[in-house]
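Numbering (our numbering), first residue to last: 18 to 516.
C-beta atoms are modelled at their ideal positions from N, C-alpha and C, and glycine is treated no differently.
Here it is as structure tokens:
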């Protein structure tokens, strides 16, 4: 490897702060800090969207890579634990299912657990699918605990604004040069078109070799300067607006996010230690802002602490996330609505991919091509999983839900649903974010039951199959029964002093 002085790409400039900017800065300084000069330009006068307060388990992997202590992080961001998402009124009004983290049952090389469960269910010998998933049973019971060697699969609910401040305070001293100011101009090389510097309103020039665009929806570098283009997915994911509001804590603190389907979209409820994050995601073609606001405020628990804030967006992605010497992260790279809490994950996986493909020697094109292919696949796999929730609805009580039920879906998703309906098989790609358990619980939760399944369960015989399922269910129930409630565990483990 070249020494630091010989590298063609040494100066990395991150345009924008917030969760995206400080996540990128933290990962780069922690992993490549000895090889790079890292500068982050942000303005405290520019607000961030900052409504994404729920995460998925990959968040913990990222924290392990950058060296974040769980208790410290949770106290600083007033975080709580998350075992999954409760989907309410998505299939039909009055019905509910949980998409849990973790695995369901025990699978073999021959096939996944659901095939044995389906055989036992056909014979009236099986409990509900969720009975065989530890995280599902714990979420349903409102229980939570972690211990040394614990295999429980979980994520967090956190205050996004506090999280960006936490990363800034923790990682700035490690070698991040933070510059306060608003970007006024983006300078480019006249011949190549590569970005050479950011010019701030006060005239300061910030030169760099590689630029990371974390400027939010506007995509100041990737779109306004380099015109990467945008792929609009609203024909599959029609929501384009969100109203966000914070409320006082009221009642219990469940270890899961709630996603409650409404007339023209859905409402989130995310419990933190000091407040609750709420919002309504809706489609402006079917609902105006005032009725949406009324629907949101009419379905809150606890007194509002803020006025509802409107956010407009276009679901989709940049056609290329890496163009020339600019890499877009966060909202600059695209936006998938927050239904499965993937926003922060996409930032984290994007910066880790950049670290893996870092262009030390200044050869950008081949690395950018590989990065863009991986980014495109990641976005499209998550997109299909989110569309799944909408297309499987059996609701017909509003124009929005009728549209979702009847819309054309991507061929890639249609093939997955057909495979499951006909055979009970789920085959996510090797690097895909959502694994078998996720697809199972959403498809079955919204009424899709396979017509056929693998007969691997018959190899055990009825008695052994029934004993295995009964033992698994009983062991999970007994383990959950011994756990404290989510709130009791938070108070003991990571309670914020001022929460």
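Original post:
Can you tell me whether DSSP reads residue 324 as helix, strand or coil?
Top reply: Three-state result, residue 324: coil.
**OP:** With DSSP collapsed to three states, give me the class of residue 41.
**Re:** In this structure, residue 41 counts as helix in the three-state DSSP scheme.
Original post:
With a cut-off of 8 Å, do at least 3 Cβ pairs link the segment 232-241 to the segment 342-353?
Top reply: Result yes; three or more Cβ-Cβ pairs closer than 8 Å.
Subject >> C-alpha gap between residue 18 and residue 360, whole angstroms >> reply: Residue placement at residue 18 is poorly supported in this model, since its pLDDT is 36, which falls under 50; the coordinates still yield a value, given next. Each residue's Cα considered, the two are about 34 Å apart.
Subject >> residue 361 in three-state terms, based on DSSP >> reply: Helix.
Original post:
Which value, in whole angstroms, describes the spacing of the CA atoms of residue 24 and residue 184?
Top reply: The alpha-carbon atoms of residue 24 and residue 184 are separated by roughly 27 Å.
**OP:** Give every residue of the same chain whose Cβ lies closer than 6 Å to the Cβ of residue 498, excluding the five residues on either side of it in the sequence, and list them in chain order.
**Re:** Its chain contains no residue whose beta carbon lies nearer than 6 Å to that of residue 498 once the 5 sequence neighbours on both sides are disregarded.
Original post:
Quick one: what does DSSP say residue 388 is sitting in, helix, strand or coil?
Top reply: Look at residue 388 here: in three-state DSSP terms it is helix.
Original post:
According to DSSP, is residue 223 helix, strand or coil?
Top reply: In the structure shown, residue 223 sits in a strand (DSSP, three-state: E or B).
Original post:
Around the Cβ of residue 187, are there at least 16 other Cβ atoms within 10 angstroms (buried) or fewer (exposed)?
Top reply: Residue 187 is buried by the Cβ-count criterion.
**OP:** Use the C-beta contact count for residue 21: other C-beta atoms within 10 angstroms, 16 or more gives buried, fewer gives exposed.
**Re:** Low per-residue confidence applies at residue 21: pLDDT is 45, beneath 50, and the placement is therefore not dependable, though the value from the model is reported in the following sentence. If you draw a 10 Å sphere on the C-beta of residue 21, you find fewer than 16 other C-beta atoms in it, and that means exposed.
Original post:
Where do the ends of the beta strand (DSSP E) carrying residue 72 lie?
Top reply: In the DSSP assignment, residue 72 falls outside any beta strand (DSSP E) and carries neither an H nor an E.
Original post:
What does a CB cutoff of less than 7 Å around residue 249 pick up in its chain, not counting 5 residues either side in sequence?
Top reply: Once the five neighbours on either side are set aside, the close Cβ partners of residue 249 are 331 and 333.
Original post:
Cα-Cα, which of 47, 31 and 489 is closest to residue 81?
Top reply: Comparing Cα positions, the closest option is 47.
Original post:
From the DSSP output, which residues share a beta bridge with residue 283?
Top reply: When DSSP reads this structure, residue 283 sits in a beta bridge with 278 and 298.
Original post:
Residues bridged to residue 228 by DSSP?
Top reply: The partner list for residue 228 (beta bridge, DSSP) reads 30 and 343.
Original post:
Assuming residue 131 contacts residue 441 under a Cβ cut-off of 8 Å, what Cβ separation, rounded to an integer in Å, is found between them?
Top reply: Right, their Cβ atoms sit about 6 Å apart.
**OP:** Give me the Cβ distance between residue 126 and residue 149, rounded to the nearest whole Å; I'm assuming they're in contact under 8 Å.
**Re:** With a contact defined as Cβ atoms closer than 8 Å, residue 126 and residue 149 miss out at about 19 Å.
**OP:** Grab me the residues of residue 142's own chain with a C-beta within less than 6 Å of its C-beta, minus the 5 sequence neighbours each way, in chain order.
**Re:** Hits under 6 Å: 483.
Subject >> Backbone CA spacing between residue 243 and residue 307 [nearest angstrom] >> reply: Residue 243 and residue 307: Cα-Cα distance of roughly 37 Å.
Original post:
Can you name the start and end residues of the alpha helix (DSSP H) that residue 187 belongs to?
Top reply: Counting along the chain, the alpha helix (DSSP H) containing residue 187 begins and ends at 177-188.
Original post:
So the beta strand (DSSP E) residue 216 belongs to, where does it begin and stop?
Top reply: Following the DSSP letters along the chain, one finds residue 216 inside the beta strand (DSSP E) bounded by residues 212-217.
Subject >> Per DSSP, the bridge partner or partners of residue 101 >> reply: For residue 101, which the question treats as bridged, DSSP gives the partners 117.
**OP:** Going by CA-CA distance only, name the one from 435, 95 and 145 that's closest to residue 469.
**Re:** Per the Cα distances, 435.
Original post:
If we call anything under 9 Å between Cβ atoms a contact, is residue 32 one with residue 238?
Top reply: Yes, these two residues count as a Cβ contact at 9 Å.
Original post:
Considering residue 249, what are the terminal residues of the beta strand (DSSP E) in which it resides?
Top reply: Per DSSP, the continuous beta strand (DSSP E) segment holding residue 249 begins and ends at 247-249.
Original post:
Whole-angstrom Cβ separation of residue 411 and residue 422, contact assumed at under 8 Å?
Top reply: Going by Cβ atoms, the distance from residue 411 to residue 422 rounds to 7 Å, so yes, they are a contact pair.
Original post:
Near residue 193, which residues of its chain fall below 7 Å by C-beta distance, leaving aside the five closest residues on each side in sequence?
Top reply: In its chain, beyond the 5 residues on either side, 42, 46, 55 and 57 have a beta carbon closer than 7 Å to the beta carbon of residue 193.
**OP:** Mark residue 587 as exposed unless 16 or more other C-beta atoms lie within 10 angstroms of its C-beta, in which case mark it buried.
**Re:** With the chain covering 18 to 516 only, the question about residue 587 has no answer from this structure.
Original post:
Which of the three DSSP states, helix, strand or coil, is assigned to residue 19?
Top reply: Because the pLDDT of residue 19 is 42, which lies under 50, any placement of that residue in the model is unreliable, and the number read from its coordinates should be weighed accordingly. Assigned with DSSP and collapsed to three states, residue 19 falls in coil, not helix or strand.
**OP:** Along the beta strand (DSSP E) that carries residue 356, what are the first and last residues, could you check?
**Re:** Segment: none, residue 356 is in no beta strand (DSSP E) and carries neither H nor E.
Original post:
Would residue 274 be called buried (16 or more neighbouring beta carbons within 10 Å of its own) or exposed?
Top reply: Buried: at least 16 other Cβ atoms inside 10 Å.
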